[in-house]
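Asks:
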Amino acid sequence: MAVSNLKIDFGKTTGRIKPIHGWNCAPYLGGEPGVDTQLFKYMKEASIPYSRLHDVGFFNPHMVDIPGIFPDFDADETDPASYDFTFTDLLVTALKEFGAEPFYRLGISIENAANIKAYHVLPPRDYEKWARISEHIIRHYNEGWANGFTLGIRYWELWFEPDVYFDPNNIAQTWHGTRESYFSFYDIVSKHLKKVFGDSIQVGGYAGMGFKEHQLWDPELNGVDPCNLTLENRWAYRIDYFHKFLQYVREHDCPLDFYSWHAYSGPKDVLSRADYCRRILNKYGFEHTPDFLDEWNTITKDNSARELEKTAADTLAMLIGLQKSGVSLACYYIAAVGSSVYHGIISPSDFKPYKTYFAFKSFGRRYELGEEVAAQSDDEDLFVLGARNEQEGVILLANISDTSREVNLNIIGANADTAPVILTDKHF
1 MAVSNLKIDF GKTTGRIKPI HGWNCAPYLG GEPGVDTQLF KYMKEASIPY
51 SRLHDVGFFN PHMVDIPGIF PDFDADETDP ASYDFTFTDL LVTALKEFGA
101 EPFYRLGISI ENAANIKAYH VLPPRDYEKW ARISEHIIRH YNEGWANGFT
151 LGIRYWELWF EPDVYFDPNN IAQTWHGTRE SYFSFYDIVS KHLKKVFGDS
201 IQVGGYAGMG FKEHQLWDPE LNGVDPCNLT LENRWAYRID YFHKFLQYVR
251 EHDCPLDFYS WHAYSGPKDV LSRADYCRRI LNKYGFEHTP DFLDEWNTIT
301 KDNSARELEK TAADTLAMLI GLQKSGVSLA CYYIAAVGSS VYHGIISPSD
351 FKPYKTYFAF KSFGRRYELG EEVAAQSDDE DLFVLGARNE QEGVILLANI
401 SDTSREVNLN IIGANADTAP VILTDKHF
(Lines of atoms letter the chains of each structure in order from A; the text may use other names.)
(Lines give C-alpha, C1' and ligand atoms only; values in the text may rest on other atoms or scores of the structure.)
Protein backbone atom coordinates (compact mmCIF):
# COMPACT_ATOMS: atom_id res chain seq x y z
CA MET A 1 0.00 0.00 0.00
CA ALA A 2 1.27 3.44 -0.93
CA VAL A 3 2.33 5.69 1.95
CA SER A 4 1.53 9.42 1.83
CA ASN A 5 3.33 11.94 4.01
CA LEU A 6 1.35 14.87 5.37
CA LYS A 7 2.58 17.84 7.36
CA ILE A 8 0.08 20.05 9.18
CA ASP A 9 1.19 23.06 11.19
CA PHE A 10 -1.63 24.30 13.42
CA GLY A 11 0.59 27.09 14.64
CA LYS A 12 0.76 28.72 11.20
CA THR A 13 -2.39 30.18 9.70
CA THR A 14 -2.43 30.94 5.97
CA GLY A 15 -5.70 32.87 5.63
CA ARG A 16 -9.45 32.51 5.89
CA ILE A 17 -11.37 29.52 4.59
CA LYS A 18 -12.95 30.92 1.43
CA PRO A 19 -16.62 30.72 0.38
CA ILE A 20 -15.94 28.24 -2.40
CA HIS A 21 -18.67 25.76 -1.40
CA GLY A 22 -21.56 27.77 -2.82
CA TRP A 23 -24.29 26.26 -4.98
CA ASN A 24 -26.14 27.18 -8.10
CA CYS A 25 -29.83 27.41 -7.28
CA ALA A 26 -31.03 25.79 -4.08
CA PRO A 27 -32.49 22.37 -3.27
CA TYR A 28 -36.04 23.21 -4.30
CA LEU A 29 -38.21 20.75 -6.14
CA GLY A 30 -38.88 21.06 -9.84
CA GLY A 31 -42.46 21.65 -10.88
CA GLU A 32 -43.44 23.66 -7.84
CA PRO A 33 -45.18 26.94 -8.73
CA GLY A 34 -43.47 28.79 -5.90
CA VAL A 35 -40.48 27.97 -3.75
CA ASP A 36 -40.69 24.74 -1.79
CA THR A 37 -38.21 25.11 1.09
CA GLN A 38 -38.59 21.70 2.72
CA LEU A 39 -35.09 20.69 1.53
CA PHE A 40 -33.42 24.03 2.27
CA LYS A 41 -32.38 22.59 5.65
CA TYR A 42 -29.56 20.79 3.84
CA MET A 43 -28.24 24.12 2.65
CA LYS A 44 -28.20 25.50 6.17
CA GLU A 45 -26.63 22.36 7.65
CA ALA A 46 -23.76 22.60 5.16
CA SER A 47 -23.22 26.33 5.83
CA ILE A 48 -23.63 27.10 2.12
CA PRO A 49 -22.47 30.72 1.77
CA TYR A 50 -23.92 31.63 -1.64
CA SER A 51 -26.70 30.49 -3.91
CA ARG A 52 -26.16 31.67 -7.48
CA LEU A 53 -29.47 32.53 -9.10
CA HIS A 54 -29.00 30.97 -12.51
CA ASP A 55 -31.15 28.57 -14.54
CA VAL A 56 -34.02 29.02 -12.12
CA GLY A 57 -36.14 29.46 -15.22
CA PHE A 58 -36.10 25.68 -15.50
CA PHE A 59 -38.21 25.52 -12.35
CA ASN A 60 -40.28 28.67 -12.60
CA PRO A 61 -40.07 31.04 -15.60
CA HIS A 62 -41.28 33.92 -13.42
CA MET A 63 -38.27 33.85 -11.08
CA VAL A 64 -35.05 35.87 -11.38
CA ASP A 65 -34.71 36.09 -15.17
CA ILE A 66 -35.22 39.56 -16.64
CA PRO A 67 -38.03 38.45 -19.00
CA GLY A 68 -39.80 36.80 -16.05
CA ILE A 69 -39.62 39.85 -13.80
CA PHE A 70 -40.10 42.44 -16.56
CA PRO A 71 -42.23 40.56 -19.13
CA ASP A 72 -43.08 43.48 -21.46
CA PHE A 73 -39.90 45.13 -22.66
CA ASP A 74 -41.92 48.05 -24.04
CA ALA A 75 -43.35 48.86 -20.59
CA ASP A 76 -42.23 51.79 -18.43
CA GLU A 77 -39.19 50.60 -16.47
CA THR A 78 -39.77 53.28 -13.80
CA ASP A 79 -43.27 52.01 -12.99
CA PRO A 80 -43.46 49.31 -10.30
CA ALA A 81 -46.52 47.89 -12.07
CA SER A 82 -44.26 46.81 -14.95
CA TYR A 83 -42.49 44.29 -12.70
CA ASP A 84 -43.49 40.93 -11.28
CA PHE A 85 -41.30 40.21 -8.25
CA THR A 86 -43.64 37.67 -6.65
CA PHE A 87 -41.70 34.42 -6.94
CA THR A 88 -38.25 35.98 -6.86
CA ASP A 89 -39.17 37.63 -3.56
CA LEU A 90 -40.08 34.22 -2.17
CA LEU A 91 -36.79 32.77 -3.33
CA VAL A 92 -34.35 35.42 -2.15
CA THR A 93 -35.99 35.84 1.25
CA ALA A 94 -35.97 32.07 1.76
CA LEU A 95 -32.28 31.94 0.89
CA LYS A 96 -31.50 34.63 3.44
CA GLU A 97 -33.58 32.78 6.04
CA PHE A 98 -31.55 29.62 5.51
CA GLY A 99 -28.21 31.39 5.61
CA ALA A 100 -27.21 31.60 1.92
CA GLU A 101 -26.51 34.92 0.23
CA PRO A 102 -28.08 35.33 -3.21
CA PHE A 103 -25.55 35.71 -6.02
CA TYR A 104 -27.75 37.35 -8.63
CA ARG A 105 -27.25 36.61 -12.32
CA LEU A 106 -28.97 39.34 -14.34
CA GLY A 107 -30.07 37.84 -17.62
CA ILE A 108 -31.74 34.64 -18.75
CA SER A 109 -31.65 30.91 -18.17
CA ILE A 110 -30.08 28.73 -20.83
CA GLU A 111 -32.38 27.81 -23.73
CA ASN A 112 -31.38 24.26 -24.59
CA ALA A 113 -33.97 24.08 -27.38
CA ALA A 114 -33.05 27.40 -28.98
CA ASN A 115 -32.37 25.60 -32.25
CA ILE A 116 -36.10 24.77 -32.37
CA LYS A 117 -37.32 28.14 -31.16
CA ALA A 118 -35.40 30.92 -29.45
CA TYR A 119 -37.12 33.23 -26.96
CA HIS A 120 -34.61 35.38 -25.10
CA VAL A 121 -31.11 34.55 -26.36
CA LEU A 122 -30.90 37.47 -28.78
CA PRO A 123 -29.10 40.52 -27.33
CA PRO A 124 -31.54 43.03 -25.82
CA ARG A 125 -32.64 45.54 -28.44
CA ASP A 126 -31.94 48.49 -26.11
CA TYR A 127 -28.92 48.10 -23.82
CA GLU A 128 -29.58 51.35 -21.97
CA LYS A 129 -33.13 50.35 -21.09
CA TRP A 130 -31.97 46.88 -20.05
CA ALA A 131 -29.52 48.59 -17.72
CA ARG A 132 -32.29 50.69 -16.20
CA ILE A 133 -34.46 47.60 -15.72
CA SER A 134 -31.58 45.95 -13.89
CA GLU A 135 -31.15 49.10 -11.81
CA HIS A 136 -34.73 48.88 -10.59
CA ILE A 137 -34.40 45.19 -9.78
CA ILE A 138 -31.39 46.03 -7.63
CA ARG A 139 -33.29 48.92 -6.04
CA HIS A 140 -36.13 46.54 -5.20
CA TYR A 141 -33.88 44.11 -3.34
CA ASN A 142 -31.37 46.51 -1.82
CA GLU A 143 -33.21 49.82 -1.40
CA GLY A 144 -36.82 48.82 -0.80
CA TRP A 145 -38.15 50.18 -4.10
CA ALA A 146 -41.61 48.87 -5.14
CA ASN A 147 -42.41 47.42 -1.71
CA GLY A 148 -39.07 45.70 -1.73
CA PHE A 149 -36.28 44.87 0.70
CA THR A 150 -32.93 46.01 2.03
CA LEU A 151 -31.11 42.72 1.62
CA GLY A 152 -27.73 44.08 0.65
CA ILE A 153 -27.23 41.63 -2.22
CA ARG A 154 -23.63 42.25 -3.19
CA TYR A 155 -22.84 40.33 -6.39
CA TRP A 156 -24.60 41.10 -9.70
CA GLU A 157 -23.47 39.16 -12.77
CA LEU A 158 -24.20 40.40 -16.29
CA TRP A 159 -25.55 37.56 -18.46
CA PHE A 160 -23.71 34.24 -18.81
CA GLU A 161 -21.65 32.29 -21.33
CA PRO A 162 -21.88 34.75 -24.24
CA ASP A 163 -18.73 33.03 -25.51
CA VAL A 164 -20.43 29.69 -26.19
CA TYR A 165 -19.85 30.51 -29.88
CA PHE A 166 -21.35 32.70 -32.55
CA ASP A 167 -22.40 31.00 -35.76
CA PRO A 168 -25.09 32.91 -37.68
CA ASN A 169 -26.39 29.63 -39.05
CA ASN A 170 -27.06 28.07 -35.64
CA ILE A 171 -28.91 29.63 -32.72
CA ALA A 172 -26.72 29.85 -29.62
CA GLN A 173 -28.34 28.69 -26.37
CA THR A 174 -27.04 31.60 -24.30
CA TRP A 175 -26.21 34.77 -26.29
CA HIS A 176 -26.91 34.74 -30.01
CA GLY A 177 -24.77 37.72 -30.85
CA THR A 178 -21.24 38.64 -31.79
CA ARG A 179 -18.40 39.12 -29.39
CA GLU A 180 -18.54 42.85 -30.06
CA SER A 181 -22.24 42.99 -29.21
CA TYR A 182 -21.66 41.50 -25.78
CA PHE A 183 -18.70 43.78 -25.10
CA SER A 184 -20.86 46.81 -25.90
CA PHE A 185 -23.65 45.43 -23.71
CA TYR A 186 -21.28 44.88 -20.80
CA ASP A 187 -19.79 48.35 -21.25
CA ILE A 188 -23.15 50.14 -21.09
CA VAL A 189 -24.75 48.08 -18.32
CA SER A 190 -21.75 47.86 -15.99
CA LYS A 191 -21.05 51.59 -16.18
CA HIS A 192 -24.68 52.47 -15.55
CA LEU A 193 -25.01 50.22 -12.51
CA LYS A 194 -21.77 51.38 -10.93
CA LYS A 195 -22.68 55.02 -11.57
CA VAL A 196 -25.98 54.49 -9.74
CA PHE A 197 -24.85 52.22 -6.89
CA GLY A 198 -21.11 52.75 -6.59
CA ASP A 199 -19.28 50.30 -4.35
CA SER A 200 -22.47 49.18 -2.59
CA ILE A 201 -22.65 46.44 -5.23
CA GLN A 202 -20.10 44.40 -7.16
CA VAL A 203 -20.66 44.02 -10.91
CA GLY A 204 -18.93 41.49 -13.12
CA GLY A 205 -19.16 38.75 -15.66
CA TYR A 206 -19.22 37.23 -18.04
CA ALA A 207 -19.65 33.75 -16.62
CA GLY A 208 -17.45 32.41 -19.39
CA MET A 209 -17.28 28.86 -20.66
CA GLY A 210 -13.78 28.60 -19.28
CA PHE A 211 -10.38 27.41 -20.44
CA LYS A 212 -10.50 23.82 -21.59
CA GLU A 213 -7.39 22.89 -23.58
CA HIS A 214 -5.74 26.21 -22.70
CA GLN A 215 -2.34 24.54 -23.08
CA LEU A 216 -3.16 23.96 -26.75
CA TRP A 217 -4.81 27.26 -27.60
CA ASP A 218 -3.01 29.74 -25.35
CA PRO A 219 -0.06 31.06 -27.41
CA GLU A 220 -0.84 34.71 -28.26
CA LEU A 221 -4.07 34.04 -30.08
CA ASN A 222 -4.75 35.95 -33.25
CA GLY A 223 -8.48 35.32 -33.14
CA VAL A 224 -10.74 32.73 -34.70
CA ASP A 225 -13.12 33.40 -37.56
CA PRO A 226 -16.58 33.10 -35.92
CA CYS A 227 -18.03 31.93 -39.24
CA ASN A 228 -15.52 29.10 -39.51
CA LEU A 229 -15.99 27.33 -36.21
CA THR A 230 -15.36 23.65 -35.73
CA LEU A 231 -15.40 21.41 -32.71
CA GLU A 232 -11.61 21.52 -32.79
CA ASN A 233 -11.22 25.30 -32.62
CA ARG A 234 -14.23 26.25 -30.51
CA TRP A 235 -12.16 26.41 -27.34
CA ALA A 236 -9.64 28.60 -29.13
CA TYR A 237 -12.49 31.00 -29.85
CA ARG A 238 -13.56 30.99 -26.20
CA ILE A 239 -10.05 31.58 -24.89
CA ASP A 240 -9.46 34.31 -27.47
CA TYR A 241 -12.77 35.80 -26.29
CA PHE A 242 -11.37 35.99 -22.75
CA HIS A 243 -8.28 37.86 -23.91
CA LYS A 244 -10.31 40.25 -26.07
CA PHE A 245 -12.78 40.93 -23.25
CA LEU A 246 -10.02 41.91 -20.85
CA GLN A 247 -8.45 44.12 -23.49
CA TYR A 248 -11.82 45.79 -24.11
CA VAL A 249 -12.55 46.34 -20.42
CA ARG A 250 -9.10 47.83 -19.88
CA GLU A 251 -9.24 50.09 -22.96
CA HIS A 252 -12.80 51.30 -22.27
CA ASP A 253 -12.34 51.61 -18.49
CA CYS A 254 -15.30 49.34 -17.75
CA PRO A 255 -16.02 48.26 -14.18
CA LEU A 256 -14.95 44.68 -13.50
CA ASP A 257 -15.38 43.95 -9.81
CA PHE A 258 -15.04 40.22 -10.48
CA TYR A 259 -14.48 37.90 -13.40
CA SER A 260 -16.56 34.70 -13.45
CA TRP A 261 -15.97 31.49 -15.37
CA HIS A 262 -17.02 27.82 -15.55
CA ALA A 263 -15.42 24.37 -15.62
CA TYR A 264 -16.68 20.80 -15.77
CA SER A 265 -13.89 18.32 -15.17
CA GLY A 266 -11.81 16.63 -12.48
CA PRO A 267 -9.94 18.51 -9.74
CA LYS A 268 -6.47 18.54 -11.32
CA ASP A 269 -7.73 19.76 -14.68
CA VAL A 270 -9.93 22.47 -13.16
CA LEU A 271 -7.13 23.71 -10.90
CA SER A 272 -4.88 24.00 -13.94
CA ARG A 273 -7.55 26.16 -15.58
CA ALA A 274 -7.78 28.26 -12.42
CA ASP A 275 -4.04 28.92 -12.55
CA TYR A 276 -4.38 29.96 -16.19
CA CYS A 277 -7.28 32.31 -15.44
CA ARG A 278 -5.35 34.02 -12.68
CA ARG A 279 -2.24 34.37 -14.82
CA ILE A 280 -4.11 36.00 -17.71
CA LEU A 281 -6.03 38.37 -15.43
CA ASN A 282 -2.72 39.47 -13.96
CA LYS A 283 -1.23 39.84 -17.44
CA TYR A 284 -3.83 42.43 -18.39
CA GLY A 285 -3.51 44.38 -15.17
CA PHE A 286 -6.36 42.85 -13.18
CA GLU A 287 -4.21 41.57 -10.32
CA HIS A 288 -6.73 42.77 -7.74
CA THR A 289 -9.85 41.56 -9.57
CA PRO A 290 -11.08 38.32 -7.96
CA ASP A 291 -12.10 35.43 -10.15
CA PHE A 292 -15.16 33.36 -9.35
CA LEU A 293 -15.66 29.79 -10.54
CA ASP A 294 -19.41 30.06 -10.32
CA GLU A 295 -20.25 26.88 -12.22
CA TRP A 296 -18.35 23.64 -11.69
CA ASN A 297 -18.94 19.94 -11.41
CA THR A 298 -16.75 16.82 -11.50
CA ILE A 299 -19.39 15.04 -13.57
CA THR A 300 -19.04 12.01 -15.76
CA LYS A 301 -21.61 11.06 -18.35
CA ASP A 302 -22.90 8.32 -16.06
CA ASN A 303 -25.77 9.41 -13.80
CA SER A 304 -25.02 6.57 -11.40
CA ALA A 305 -21.67 8.20 -10.61
CA ARG A 306 -23.51 10.72 -8.45
CA GLU A 307 -24.04 8.00 -5.87
CA LEU A 308 -20.41 6.87 -5.63
CA GLU A 309 -17.85 7.56 -2.90
CA LYS A 310 -15.35 8.43 -5.65
CA THR A 311 -17.55 11.30 -6.83
CA ALA A 312 -17.78 12.60 -3.27
CA ALA A 313 -13.99 12.35 -2.92
CA ASP A 314 -13.48 14.23 -6.19
CA THR A 315 -15.88 16.92 -4.99
CA LEU A 316 -14.12 17.28 -1.66
CA ALA A 317 -10.74 17.38 -3.40
CA MET A 318 -12.05 20.15 -5.64
CA LEU A 319 -13.12 22.18 -2.63
CA ILE A 320 -9.74 21.70 -0.95
CA GLY A 321 -7.92 22.53 -4.18
CA LEU A 322 -9.97 25.66 -4.79
CA GLN A 323 -9.23 26.81 -1.25
CA LYS A 324 -5.54 26.72 -2.12
CA SER A 325 -6.00 28.26 -5.58
CA GLY A 326 -6.47 31.87 -6.65
CA VAL A 327 -10.25 31.43 -6.93
CA SER A 328 -12.09 33.63 -4.43
CA LEU A 329 -15.62 32.24 -4.64
CA ALA A 330 -17.16 29.17 -6.26
CA CYS A 331 -20.61 27.65 -6.83
CA TYR A 332 -21.34 24.03 -7.67
CA TYR A 333 -23.79 23.34 -10.50
CA ILE A 334 -26.50 22.40 -9.54
CA ALA A 335 -28.28 21.98 -6.18
CA ALA A 336 -31.88 21.92 -7.39
CA VAL A 337 -33.54 18.50 -7.44
CA GLY A 338 -33.48 16.89 -10.87
CA SER A 339 -32.52 13.81 -12.83
CA SER A 340 -29.63 14.99 -15.01
CA VAL A 341 -26.00 14.20 -14.29
CA TYR A 342 -25.54 17.80 -13.13
CA HIS A 343 -28.02 17.41 -10.24
CA GLY A 344 -25.59 15.98 -7.71
CA ILE A 345 -26.86 17.08 -4.30
CA ILE A 346 -30.31 15.60 -3.65
CA SER A 347 -31.77 12.39 -5.09
CA PRO A 348 -35.08 12.94 -6.92
CA SER A 349 -36.24 9.44 -5.97
CA ASP A 350 -36.25 9.76 -2.17
CA PHE A 351 -35.18 13.42 -1.63
CA LYS A 352 -32.20 12.33 0.44
CA PRO A 353 -28.67 13.66 -0.08
CA TYR A 354 -26.22 11.98 -2.39
CA LYS A 355 -22.78 11.27 -0.94
CA THR A 356 -21.52 14.38 -2.72
CA TYR A 357 -23.59 16.51 -0.36
CA PHE A 358 -21.47 15.40 2.58
CA ALA A 359 -18.35 16.78 0.91
CA PHE A 360 -19.99 20.19 1.11
CA LYS A 361 -21.13 19.58 4.66
CA SER A 362 -17.63 18.56 5.74
CA PHE A 363 -16.09 21.60 4.07
CA GLY A 364 -18.79 23.80 5.58
CA ARG A 365 -17.69 22.77 9.05
CA ARG A 366 -14.17 23.94 8.25
CA TYR A 367 -15.53 27.16 6.78
CA GLU A 368 -17.22 27.85 10.10
CA LEU A 369 -13.92 27.31 11.94
CA GLY A 370 -12.55 30.24 9.98
CA GLU A 371 -8.79 29.91 9.59
CA GLU A 372 -6.80 27.69 7.24
CA VAL A 373 -3.51 26.34 8.57
CA ALA A 374 -0.41 25.27 6.67
CA ALA A 375 -0.82 21.74 5.29
CA GLN A 376 1.28 19.85 2.77
CA SER A 377 0.99 16.49 1.01
CA ASP A 378 3.69 14.73 -0.98
CA ASP A 379 0.98 12.78 -2.83
CA GLU A 380 -0.69 14.57 -5.76
CA ASP A 381 -3.76 12.37 -5.36
CA LEU A 382 -4.22 13.10 -1.66
CA PHE A 383 -5.68 16.54 -0.96
CA VAL A 384 -5.35 17.90 2.58
CA LEU A 385 -6.82 20.89 4.38
CA GLY A 386 -6.19 22.01 7.91
CA ALA A 387 -8.52 24.44 9.68
CA ARG A 388 -8.77 25.87 13.17
CA ASN A 389 -10.32 28.38 15.48
CA GLU A 390 -9.30 29.21 19.04
CA GLN A 391 -10.77 26.00 20.43
CA GLU A 392 -10.14 23.23 17.90
CA GLY A 393 -8.19 22.16 14.84
CA VAL A 394 -9.39 19.78 12.14
CA ILE A 395 -7.80 17.94 9.23
CA LEU A 396 -9.73 17.14 6.06
CA LEU A 397 -8.47 14.56 3.54
CA ALA A 398 -9.62 13.47 0.09
CA ASN A 399 -8.06 10.61 -1.87
CA ILE A 400 -8.92 10.79 -5.59
CA SER A 401 -6.82 7.81 -6.65
CA ASP A 402 -8.18 4.34 -7.27
CA THR A 403 -6.15 2.80 -4.44
CA SER A 404 -6.04 3.11 -0.67
CA ARG A 405 -3.40 5.20 1.07
CA GLU A 406 -1.53 4.76 4.32
CA VAL A 407 -1.04 8.20 5.84
CA ASN A 408 2.01 9.31 7.78
CA LEU A 409 0.96 12.41 9.74
CA ASN A 410 3.40 15.02 10.96
CA ILE A 411 1.37 17.40 13.13
CA ILE A 412 3.05 20.39 14.71
CA GLY A 413 1.94 23.59 16.36
CA ALA A 414 -0.92 21.98 18.25
CA ASN A 415 -1.55 22.65 21.92
CA ALA A 416 -4.18 21.92 24.47
CA ASP A 417 -6.45 24.61 23.05
CA THR A 418 -6.13 23.48 19.43
CA ALA A 419 -5.79 19.74 19.62
CA PRO A 420 -6.28 18.34 16.11
CA VAL A 421 -9.07 15.88 15.48
CA ILE A 422 -9.36 13.84 12.28
CA LEU A 423 -13.00 13.45 11.34
CA THR A 424 -14.13 10.75 8.96
CA ASP A 425 -17.66 11.31 7.73
CA LYS A 426 -19.56 8.02 7.86
CA HIS A 427 -21.09 8.79 4.48
CA PHE A 428 -17.74 8.74 2.70
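For the record, in the sequence shown the residue sitting at position 347 is 347 according to the numbering used here, with numbers rising by one throughout. C-beta atoms are modelled at their ideal positions from N, C-alpha and C, and glycine is treated no differently.
Measuring alpha carbon to alpha carbon, tell me which residue in Asn24, Thr150 and Asp163 is nearest Asn297.
Replies: Asn297 has its Cα closest to that of Asn24, out of Asn24, Thr150 and Asp163.
Asks: Could you pull out every residue in the same chain whose Cβ sits closer than 7 angstroms to the Cβ of Gly34, ignoring the five residues on either side in sequence?
Replies: So the list reads Phe87 and Leu90, once near-sequence residues are dropped.
Asks: Could you work out which residue in Phe70, Ser200, Arg179 and Ile239 is closest to Leu151 when comparing CA atoms only?
Replies: Per the Cα distances, Ser200.
Asks: Do three or more CB pairs link the stretch 386-406 to the stretch 335-348 at distances below 8 angstroms?
Replies: As far as the Cβ criterion goes, the stretch 386-406 does not touch the stretch 335-348, which means the pair count is below three.
Asks: Can you tell which of Gln391, Asn282, Ala317 and Ala374 has the C-alpha that lies nearest to the C-alpha of Leu265?
Replies: The residue asked about is misnamed: residue 265 is Ser in this sequence, not Leu. Closest by alpha carbon: Ala317.
Asks: Among all the DSSP beta bridges, which residues are the ones paired with Tyr104?
Replies: DSSP lists Leu53 and Trp156 as partners of Tyr104.
Asks: Please report the residue range of the alpha helix (DSSP H) in which Cys277 lies.
Replies: Looking at the DSSP string, the run of the alpha helix (DSSP H) that includes Cys277 is Pro267 to Lys283.
Asks: What are the residues that DSSP puts in a beta bridge with Cys331?
Replies: Answer is Gly22.
Asks: Spatial neighbours of Ala359 within its chain, please: CB distance less than 6 angstroms, with the 5 preceding and 5 following residues excluded, ordered by chain position.
Replies: Excluding positions up to five away in sequence, the list reads Ala312, Thr315 and Leu316.
Asks: Taking the alpha carbon of Val249 as the point to measure from, which residue in Ala336, Glu390, Phe183 and Asp240 has its own alpha carbon closest?
Replies: Of the candidates Ala336, Glu390, Phe183 and Asp240, the one whose C-alpha sits nearest the C-alpha of Val249 is Phe183.
Asks: Who are the near neighbours of Arg132 in its chain, counting only those whose CB is closer than 6 angstroms to its CB and skipping five residues on each side?
Replies: The residues are Glu77.
Asks: Residues in its own chain within less than 6 angstroms of Asp163 by CB, not counting five upstream and five downstream?
Replies: Closer than 6 angstroms at the Cβ level, and outside the excluded window around Asp163, lie Gly208, Met209, Arg238 and Tyr241.
Asks: Leu316 by DSSP, collapsed to three states: which one?
Replies: In this structure, Leu316 counts as helix in the three-state DSSP scheme.
Asks: Rounded to whole angstroms, what is the Cα-Cα separation between Tyr259 and Met43?
Replies: Whole-angstrom Cα-Cα distance: 25 angstroms.
Asks: State the beta-bridge partners of Leu29 as determined by DSSP.
Replies: DSSP lists Val337 as partners of Leu29.
Asks: Taking the alpha carbon of Thr37 as the point to measure from, which residue in Phe58, Asp253, Gly99 and Gly386 has its own alpha carbon closest?
Replies: Checked all of Phe58, Asp253, Gly99 and Gly386; the closest Cα to Thr37 is Gly99.
Asks: Specify the secondary structure class of Gly210 as computed by DSSP and reduced to three states.
Replies: Gly210: coil per DSSP, three-state reduction.
Asks: Considering only C-alpha positions, which residue in the set Val327, Lys195 and Leu29 is nearest to Pro348?
Replies: Among Val327, Lys195 and Leu29, the Cα nearest to that of Pro348 belongs to Leu29.
Asks: Check whether the stretch 12-19 touches the stretch 361-373, taking contact to mean three or more Cβ pairs, one atom from each stretch, closer than 8 angstroms.
Replies: The stretch 12-19 is in contact with the stretch 361-373.
Asks: Do Ser4 and Asn408 have their beta-carbon atoms positioned less than 8 angstroms apart in this structure?
Replies: A contact, by the Cβ cut-off of 8 angstroms.
Asks: Using C-beta distances below 7 angstroms, list every residue in its chain close to Ile422, excluding the 5 sequence neighbours before and after it, in chain order.
Replies: Low confidence applies to Ile422: its pLDDT is 48, below 50, so where it sits in the model is not reliable, and the reading given next is rough at best. Only Ile395 meet the Cβ criterion.
Asks: With DSSP run on the structure shown, which of helix, strand or coil describes Val196?
Replies: In the structure shown, Val196 sits in a helix (DSSP, three-state: H, G or I).
Asks: Would you call the CB atoms of Val92 and Ala172 closer than 8 angstroms?
Replies: Against a cut-off of 8 angstroms, the Cβ pair of Ala172 and Val92 comes out as no contact.
Asks: Is the beta carbon of Gly107 sitting closer than 8 angstroms to the one on Asp65?
Replies: Yes, the Cβ-Cβ distance between Gly107 and Asp65 is below 8 angstroms.
Asks: In the DSSP assignment, what are the bridge partners of Asn112?
Replies: According to DSSP, which records beta bridges pairwise, Asn112 is partnered with nothing at all.
Asks: Using DSSP's beta-bridge definition, name the partner residues of Arg365.
Replies: Paired residues: none, contrary to the question.
Asks: Which residues bound the alpha helix (DSSP H) around Ala236?
Replies: Start and end: Arg234 to His252.
Asks: Gly321 by DSSP, collapsed to three states: which one?
Replies: Of the three classes helix, strand and coil, the one that applies to Gly321 here is helix, per DSSP.
Asks: What distance in whole Å lies between the Cβ atoms of Asp79 and His62, which are believed to be in contact at a cut-off of 8 angstroms?
Replies: At roughly 18 angstroms, the Cβ-Cβ gap does not stay under 8 angstroms, so His62 and Asp79 are not in contact.
Asks: Let me check understanding here. Comparing Cα to Cα, which of Leu158, Val56 and Asn233 lies closest to Leu256?
Replies: That would be Leu158, whose Cα lies nearest to the Cα of Leu256.
Asks: Taking Cβ positions, are Phe292 and Ser325 nearer each other than 8 angstroms?
Replies: Cβ atoms of Phe292 and Ser325: not closer than 8 angstroms.
Asks: Under the three-state reduction of DSSP, which class applies to Lys12: helix, strand or coil?
Replies: Correct three-state label for Lys12: strand.
Asks: With 16 other CB atoms within 10 Å as the buried threshold, where does Tyr212 fall?
Replies: Correcting the residue identity first, residue 212 is Lys in this sequence and not Tyr. The residue is buried, with at least 16 neighbouring Cβ atoms inside 10 Å.
Asks: Can you tell which of Trp235, Tyr186 and Asn169 has the C-alpha that lies nearest to the C-alpha of Asp126?
Replies: It is Tyr186.
Asks: Among residues of its own chain, excluding the 5 on either side of Trp130, which ones have a beta-carbon nearer than 6 angstroms to its beta-carbon?
Replies: Pro124, listed in sequence order.
Asks: Leaving out five residues on either side along the sequence, give the residues of the same chain with a beta carbon under 8 angstroms from the beta carbon of Ser82.
Replies: Only Phe70, Asp72, Ala75 and Asp76 meet the Cβ criterion.
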